[in-house]
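If you use mature numbering (1 follows the signal peptide of the UniProt record, and there is no 0), the sequence shown corresponds to residues -17 to -1, 1 to 482, in order. We put the beta carbon where it would ideally sit given N, CA and C, even for glycine. Below is one structure, written out as structure tokens, with a few remarks after it.
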Amino acid sequence: MLLALLAAALEQPGAPCESTHAGDFHAQSCQGWCHAKLINHAGQPVVLQGVNMYLEWYRNAYAAVRSGSSALDIPHLRRAVPAANTIRFVGLLWKDSIKSSDGLECSTDDPSTGYFDEECMRFIDSLITQATEAGLWVILTARAKYAAGWDPPEAQNDVWSDPKLKHMYYEMWRHVARRFRWTDRIAGYEIMSEPRTKTESQASVRDFIRGACEVVHSEDPGALCVVGPRPYYKLWELTEDVLQPTGSNTLYTFDFFVPKTFVMSDTDKESKRDCAQGENCEGAMFPALYPCREVYETWWHGKPGCQDGDSMVDVNARWIKEILQKYAFDFGRKHGVPVYCNQWGVKDEVLEANGRLRYAEAVLDAFTDLGIASTYWIWRSYTKGGRDVHEPVWGFELAHNDGPHEALDGAMLTTLQAGFLRTGRKYPASLDPCGAQLASVNASFAVTPLNASILAKRISLAQPTSLRFAPTPLPHSGVQDAYPKRLHAYLVWITRTVQ
């Protein structure tokens, strides 16, 4: 599959973005202690940066025009964060939902469709068409928690012990890679997101993934194969045990939700609980001191400054950069391979006064300085009724949807744009060709104060810049097709002042 850094999505009046190049997008390996990079067709280093999107939540909100249709997610992302260049699309939900409470499941027993549900594939086609025509790279990701051996008391078959299931998984990937081989801007295929197993050896997982990468590259040799360590892509497990053969066009990935007790905290709830117990009434903070067992979890042994699990770590911007350098950047430099943080973030429930945006800025600065690719978790989640879209009561999602209303997290989107733009200035090809234009464009939307602590921006897609793309029709999908050009979507951009 030939790739190029193509045109951005939004056509500027009188100066439409056009594709002028085509070529291979690949991982540049190097010998010895050097910094491997992702290289475009012209030999220029590119840093992938953007957000995660998830098939189930894209599908469920596709026709929900009143509360904010997911058919508008790509145009809103392009306007909100024009320096973003990548979507990590968790779309291949395969043996991932067995229980009724699990959610969308896309695996089938039909070899004629690559053991993959055709309706799921129609929605995947739709988002990939939108994203790639919008000038965004796509990393297409499989999530397969039961196939990976999650929840062993259920005695589910997994790909490590069941040859038939392993064959089906490989054939699913063959089907997918063949389907998108000629789709431009497919940056890579992520074989198995966060392998859940804690009993299978790292070498066993590596070898299984190697087989899947070979299947993918037999169909689409120009795409990256994205791989990472078990369990759950822990940064501390990113070692030589995960290495694929030299020159195999592989991108190595990890998660970064560190420390969990901060990025996944709920300031209001925790501060009330702790204060009632006569403890700290502020909630988790950044920067702050955290015990090793909270920072590194069960991997704290031997970590810097950790004499025991209760040793305190000063988690600040400098520490974040040092840790990412030691465990991610230095891994890439030592082995001559590129690295990528596929998920990172901090919940909206963490108040800005407690350091939510300070944390995000610190992580983004480290990614820029170290040249590490990244995608924020996550653009959209499931609808959460009973919550006020204006209040800090949300998770990682950037689009807040309570059913009748939808709002965008303007504070975090602005922070992402600033961080991505810093990276773009350091690696200009990351914005090539039209991203550089878009990154310097100031939105002209009116700002209307709603009250003393909230500012909002109203956006109408019926206005100004025309969209060159629209979602592909979804025949027989059972949902109403939604086309961005025809919709009036009013989204609230949320910012909050710190008292």
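Contacts around residue i, its chain only, beta-carbon distance under 7 Å, and the 5 residues preceding and following it disregarded
i	result
Met247	Phe240 and Lys330
Ile192	Ile174, Met175 and Val210
His383	Val372, Trp377, Glu389, Ala390 and Asp392
Ser187	Trp143
Arg301	none
Leu110	Met36, Tyr41 and Phe72
Gly171	Ile122, Ala206, Leu207, Cys208, Val209 and Leu234
Arg341	Phe269
Thr124	Arg71, Phe72, Val73, Gly74, Leu75, Glu173 and Ser176
Cys89	Leu75, Leu76, Trp77, Phe99, Asp100 and Cys103
Glu154	Pro94, Gly97 and Tyr98
Thr115	Val121, Thr166, Asp167 and Arg168
Ala426	Bear in mind that the predicted position of Ala426 carries a pLDDT of just 35, short of 50, making it unreliable; the figure below should be weighed with that in mind. Once the five neighbours on either side are set aside, the close Cβ partners of Ala426 are Arg62.
Beta bridge counterpart(s) of residue i as assigned by DSSP
i	result
Ala125	Leu75
Cys324	Phe237 and Ser357
Asp141	Answer is none; Asp141 lacks a bridge partner.
Asn35	Arg71
Leu399	For Leu399, which the question treats as bridged, DSSP gives no partner whatsoever.
Glu389	Asn384
Val29	Leu21
Ser248	Paired residues: none, contrary to the question.
Trp377	DSSP lists no partner for Trp377.
Trp120	Thr69
Ser90	Phe99
Arg256	According to DSSP, which records beta bridges pairwise, Arg256 is partnered with nothing at all.
Arg363	Ala382
Asp297	Leu272
Residues of its chain near residue i, where Cβ-Cβ distance is below 6 Å and the 5 sequence neighbours each way are ignored
i	result
Ser231	none
Arg126	Val73, Leu76, Asp79 and Ser176
Gln446	For Gln446, the predicted model reports a pLDDT of 31, less than 50, meaning its position is unreliable and no value from the coordinates is stated.
Thr91	Tyr98 and Asp100
Val333	Ser248, Thr250 and Arg339
Ala412	Asn23, Gln27 and Val29
residue 485	Only positions -17 to 482 of the chain appear in the structure, and residue 485 is not among them; the question remains open.
Asn140	Leu148
Thr180	Ala131, Gly132 and Arg213
Unbroken alpha helix (DSSP H) run spanning residue i, endpoints
i	result
Gln113	Glu101 to Glu116
Asn43	Leu38 to Asn43
Glu154	Pro146 to Phe163
Phe314	Asp313 to His318
Arg370	From DSSP, Arg370 is part of no alpha helix (DSSP H); its letter is neither H nor E.
Trp302	Ala300 to Leu307
Arg179	No alpha helix (DSSP H) holds Arg179; DSSP gives it neither H nor E.
Leu60	Asp56 to Ala63
Cβ neighbours of residue i in the same chain (closer than 8 Å, five flanking residues each side left out)
i	result
residue 495	This structure leaves residue 495 out entirely; the chain is present only between -17 and 482.
Arg157	Gly97, Val198, Val199, Ser201 and Glu202
Asn263	Ser254 and Asp257
Glu277	Pro242, Lys243 and Thr244
Pro212	Pro178, Gln185, Val188, Glu220, Leu221, Thr222, Asp224, Val225 and Phe237
Beta carbon of residue i nearer than 7 Å to that of residue j
i	j	result
Ala345	Ile303	yes
Gly33	Ala54	no
Gln308	Leu353	yes
Val142	Lys149	yes
Trp282	Cys275	no
Thr406	Thr366	no
Tyr359	Gly328	yes
Pro178	Ala131	yes
Pro28	Tyr323	no
Thr398	Ala349	no
Asn337	Gly402	no
Asp291	Leu272	no
Gln400	Val64	yes
Ile169	Val121	yes
Ser294	Gly285	no
Arg363	Asp385	no
Glu374	Ile361	no
Thr69	Leu21	no
Residue range of the unbroken beta strand (DSSP E) whose run includes residue i
i	result
Gln290	Unbroken run through Gln290: none, as it is neither H nor E.
Lys20	Lys20 to Ile22
Gly171	Ile169 to Glu173
Ala271	Ala271 to Pro274
**Study point:** Length at least 4, wholly inside the segment 182 to 238: the alpha helix (DSSP H) runs in chain order
**Key:** Qualifying alpha helix (DSSP H) stretches, in chain order: 185 to 202.
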